[in-house]
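Since the structure comes first, as structure tokens, the remarks are kept for the end.
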Amino acid sequence: MVATLLRLRFLVLRNSLKRSTWQLVAVIIGAVYGLGVVGVAVIGLVALSFAPQELAATVIVLAGSAVVLGWIVVPLIAAGVDQTLDPARLAQFPLPMPKLLVGLTLAGVLGVPGVITSIASLATVGSWIRYPVAAAAAVVCAALAVLTCVVGSRMVAALSVSLQSQRRFREISSILIFIPLILLGPIIIGVSQSVRNSADALPQVARALGWTPLGAAWSVPADLAAGDVGAAALKFIIALATLALLVFLWRRSLAAALVSPHAAASKRVARGKIGLFGVFPATPAGAVAARCLTYWRRDPRYARQLIVVPLIPVLLAFYSNNMHSFTLLTLAGPLVAFLLSLATLADISYDGTAFAAHLADGVRGRDDRLGRVAALAVIAVPVVLALTLITVAIAGAWHELPLILGLAFGALLSGFGLTSVSSARIIIPVPAAGDNPFKSAPGAGFTTALSSFATWGILILLVLPEIVLTVVGYVTGSLLVGWIGLVVGLVLGTVIAIAGIRIGGRQLDRSGPQLLSRLKTLRGA
Amino acid sequence: MTSGLPVAALELRGLSKRFGDKVAVENLSLTVPTGSFYGLVGPNGAGKTTTLSMATGLLQPDAGQSIIHGVDMWQHPLEAKQLVGNLSDGVKLFDRLTGEQLVTYNGLLFGMSRDTVAERVADLLKLLDLESAAGTLVVDYSAGMTKKIALACALVHAPKLLVLDEPFESVDPVSAANIRDMLTDYVRGGGTVIVSSHVMDLVQRMCDHVAVVSAGRVLAAGTVDEVRGEASLEDRFVELVGGRHHTEGPSWLRHS
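Protein sequences, first through last, are from chains P and E. Using the working numbering, the letters of the first sequence map in sequence onto residues 644 to 1168. Using the working numbering, the letters of the second sequence map in sequence onto residues -8 to 247.
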């Protein structure tokens, strides 16, 4: 039974690799990268055997605790990292619980991250090679630590299944969790600064972690090497108890998950409440705008694009602060305008085959384009205006306001025109509605990156006059150039927007059926 | 028209479509008379969905014409589409809208006024027993309810021709009977319906015309009585399409 589960796991891996060459390439690159990491880790850990006991203990306990924490946190961030042996799919088979637990654990250990962690853990034996007793204990403790990692991550995954069966929670959490990832740069700088300031405290931190479930297993050999057998025994018991508790919790939540795989929580409103459809003009274009705006609110794949709105100003404020200049901060408006206007560069891909409704209902391409632009404008125009005004106010650079407004709205309007054309041509694989919006759809990586970069490049070309005027304005400080920039931005932007809607509309009238055929070939669209 | 014959509701002339090496539909011609209740039957992969997609402007044919009440779908798509109500199989709906919003959306896309849309949406939701689910997101609907709301979307602009691809799949018997009554009534009122289905029995009882399609060609077409002759439609279908084999199941599946 256990062997069957393991075979299934590798069979799925092999078949998914066979399906796509690019995925194979990605796995090979990942494996090379992983091998590099393992190599460095092993060399480093063995080298630690020449270091003083105190230093080796600190490094191993800190790094080991971080690894355990990582294993437990990852399933929270990336829903469905490894779905090959999703318990919900195994629910229909009469598998005895103990065998299921053993099979899932082994499958976890034998995955790429599991193997890397195992090798690195075993390398701690090398660190303690000068203390035979500690080295022997390190073998047992390495196994214990790896099992803690795997079981811990499986437990968290099983626990979060029950939460994630509520669609709303799943959708919101997958977005919120992304914010710290984007802010990783500032966070790392902040943390490393404080670490530098308090390097003396690290051994104490490591000693404290050694008594917690995260670091106990790593700390046992260190204590044995230092000759403190009592502490080692206690910590070994803590590590064992941790694993036992994790297995117990996992078993319980897995049992619960198996009997109630998915419970859909449904949201409902009263009859007659048609929301935005009652607000926008009762025309095809108005209906498209109302539908798109409803999706901006309800579909996390759209909402995800709005993350840039708070993040860009925060990032720019951080770097402005480092550079002691507010110039960077005042670019928040134009930058957000640039990014937001391109949010819909492959809008029809997000519709999926539901786009068939536009085709069957005889919607003119022009109305389709206009509606999508209007929905985006309802969100983007106030946001960009407010951001520009606020950042200019903070910087106290009111004389630069016309220039920056010109650049911001030039970029936004040109972007509207550009995406009106691009989304009538580009179909890229996107995650299906309701999936984790950060999950990359199969085969998406290369084509998506290519079309995004091409579109970005074209938009920069379209906004070039405004960019040049902005640079001239900054250099000369001339208010006149600023006003010229504002007029050029608005006029040129409007012209490009209208032209884009016209061209894109004609394009869509011609290519609608082909677009639908291509959408149908994408999985999950 | 000069001959005094009524214009066909749907006329397919020499439709062809290939996907790579595979020929899905080959030189298919079919005339659906105005006011008929037309069944399109065929085995899996016969090209029914492909044919109906080309007829309704969702899939560009390699060759051939689709003419709806005298309007060529691929020459004048906007005019032709106003005449057709379409329920297609294998496409999603904008399922983050509530049922009521979805039907309203389709009505507005056809350029109807807000009041007309609101009135018809109310009628359709009542007719299809979807009133209690009007405010629920379509993504939370069951398969049968999803079919029904898609049918409402196809009907909202009062089309002259209804093209329904597998309309009864996963619809419960009561709703199916209601839908059938409604379609019969629609035909009696001068509309034309073409449905594709696997269920021969249903087609025999419900439709007055039938076409049997296999491997992208029409094997037989005409009134139901013409096509089935003395036999039942199901027997005739098996005879035309072939592929039936008389075997008993494996012995281990028999428990007594």
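Note that CB positions come from ideal geometry on N, CA and C, so glycine has one too. Small disclaimer: the values here were computed from a predicted structure and weren't measured.
Endpoints, the beta strand (DSSP E) within which residue 214 of chain E is located: Residues 208 to 214.
Given that residue 1004 of chain P touches chain E, what residues does it touch there, using C-beta distances under 7 Å? Close to residue 1004 of chain P, with beta-carbon spacing below 7 Å, are these residues of chain E in chain order: 72, 97, 100 and 101.
Measuring only the C-alpha atoms, how far is residue 1099 of chain P from residue 21 of chain E? Answer to the nearest angstrom: the Cα atoms are 49 Å apart.
Please confirm whether residue 218 of chain E has its beta-carbon closer than 8 Å to some beta-carbon of chain P. Closer than 8 Å: no.
Under 7 Å (Cβ pairs) to chain E, residues found in the region 981 to 1000 of chain P: Within the region 981 to 1000 of chain P, the residues whose Cβ lies closer than 7 Å to some Cβ of chain E are 995, 996, 997, 999 and 1000, listed in chain order.
Where does the unbroken beta strand (DSSP E) through residue 76 of chain E begin, and where does it stop? Residue 76 of chain E -> beta strand (DSSP E) spans 75 to 78.
On the DSSP bridge list, what partners appear for residue 993 of chain P? According to DSSP, which records beta bridges pairwise, residue 993 of chain P is partnered with nothing at all.
Cβ contact check for the region 221 to 241 of chain E and the region 193 to 210 of chain E: 3 or more pairs under 8 Å: In this structure the region 221 to 241 of chain E touches the region 193 to 210 of chain E; the number of beta carbon pairs closer than 8 Å is three or more.
Unbroken alpha helix (DSSP H) run spanning residue 228 of chain E, endpoints: Taken as a continuous stretch (DSSP letters only), the alpha helix (DSSP H) holding residue 228 of chain E covers 224 to 232.
Determine, for residue 916 of chain P, whether the minimum Cβ-Cβ distance to residues of chain E falls below 8 Å. So, interface residue.
Anything in chain E within Cβ reach of residue 1066 of chain P, meaning under 7 Å, just list it in chain order. Within 7 Å Cβ-Cβ: nothing; residue 1066 of chain P doesn't reach chain E, min ~16 Å.
Residue of E/83, E/0, E/65 and E/7 minimising C-alpha distance to residue 1000 of chain P: Out of E/83, E/0, E/65 and E/7, E/83 has the C-alpha closest to the C-alpha of residue 1000 of chain P.
Which residues share a DSSP beta bridge with residue 200 of chain E? Looking at the DSSP assignment, residue 200 of chain E forms a beta bridge with E/29 and E/214.
Out of P/1014, P/1031 and P/786, state which residue places its alpha-carbon closest to the alpha-carbon of residue 959 of chain P. Ranked by how close their Cα comes to the Cα of residue 959 of chain P, the residues P/1014, P/1031 and P/786 have P/1031 in first place.
To the nearest angstrom, how far is it from the Cα of residue 104 of chain E to the Cα of residue 126 of chain E? Their backbone Cα atoms lie some 21 Å apart in a straight line.
Is the region 940 to 952 of chain P touching the region 978 to 988 of chain P in the sense that three or more CB pairs, one from each, lie closer than 8 Å? Per the Cβ contact rule, the region 978 to 988 of chain P is in contact with the region 940 to 952 of chain P (3 or more Cβ pairs under 8 Å).
How would you list, in chain order, the residues of chain E whose beta-carbon sits under 7 Å from the beta-carbon of residue 912 of chain P? In chain order: 89 and 126.
Is residue 239 of chain E helix, strand or coil when you go by DSSP? Three-state DSSP puts residue 239 of chain E in coil, outside helix and strand.
Applying the 10 Å Cβ sphere with the 16-neighbour rule, what's the burial state of residue 0 of chain E? Here residue 0 of chain E is buried. Its C-beta has 16 or more other C-beta atoms within 10 Å.
How many angstroms separate the CA atom of residue 966 of chain P from the CA atom of residue 695 of chain P? The alpha-carbon of residue 966 of chain P is positioned some 41 Å away from that of residue 695 of chain P.
Of the residues E/41, E/198, E/33 and E/24, the one placed nearest residue 58 of chain E, counting alpha carbons only: Taking only the C-alpha atoms, the option nearest residue 58 of chain E is E/24.
Proximity winner among P/991, P/714, P/962 and P/1014, relative to residue 936 of chain P (alpha-carbon distances): Cα-wise, what sits closest to residue 936 of chain P is P/1014.
Does DSSP classify residue 22 of chain E as helix, strand or coil? In this structure, residue 22 of chain E counts as strand in the three-state DSSP scheme.
So, with DSSP's three-state summary, where would you put residue 255 of chain E? Outside the shown range of chain E, which is -8 to 247, sits residue 255 of chain E, and nothing can be said about it.
Determine whether the Cβ of residue 48 of chain E lies closer than 8 Å to any Cβ atom of chain P. True, the Cβ-Cβ gap to chain P drops below 8 Å.
What residue range does the alpha helix (DSSP H) around residue 138 of chain E cover? Per DSSP, residue 138 of chain E is one residue of the alpha helix (DSSP H) stretching across 134 to 146.
Answer with yes or no whether the minimum CB distance from residue 905 of chain P to chain E is below 8 Å. Residue confidence is low: residue 905 of chain P scores 49 on pLDDT, short of 50, so the model does not pin down where it sits. Its coordinate-derived value is still stated next. With 8 Å as the cut-off, residue 905 of chain P does not count as an interface residue toward chain E.
8 Å is my cut-off, CB to CB: does residue 82 of chain E come that close to chain P? Output row for residue 82 of chain E: interface = yes.
Determine the extent of the alpha helix (DSSP H) in which residue 742 of chain P is found, giving its start and end residues. From DSSP, the alpha helix (DSSP H) with residue 742 of chain P extends over 740 to 752.
Could you say which of P/790, P/784 and P/1009 lies nearest to residue 757 of chain P if we only look at CA atoms? Residue P/790 is the option with its Cα nearest to residue 757 of chain P.
For residue 997 of chain P, which of P/1102, P/1156, P/755 and P/703 has the nearest alpha-carbon? Nearest in C-alpha terms to residue 997 of chain P, of all of P/1102, P/1156, P/755 and P/703, is P/1156.
At a Cβ threshold of 8 Å, is residue 9 of chain E touching chain P? Not an interface residue.
Quick one: which chain E residues come within Cβ less than 8 Å of residue 1007 of chain P? Listed along the chain, the chain E residues whose CB falls inside 8 Å of the CB of residue 1007 of chain P are 69.
Rounded C-alpha distance that separates residue 38 of chain E from residue 102 of chain E: Their backbone Cα atoms lie some 32 Å apart in a straight line.
Which chain P residues are close to residue 27 of chain E, counting only those with a beta carbon under 9 Å from its beta carbon? Listed along chain P, no residue sits closer than 9 Å to residue 27 of chain E by beta-carbon distance, the nearest being about 21 Å off.
Among the residues of its own chain, which have a CB less than 6 Å from the CB of residue 856 of chain P, if the five just before and after it don't count? Counting only Cβ-Cβ distances below 6 Å, and skipping sequence neighbours, we find 885.
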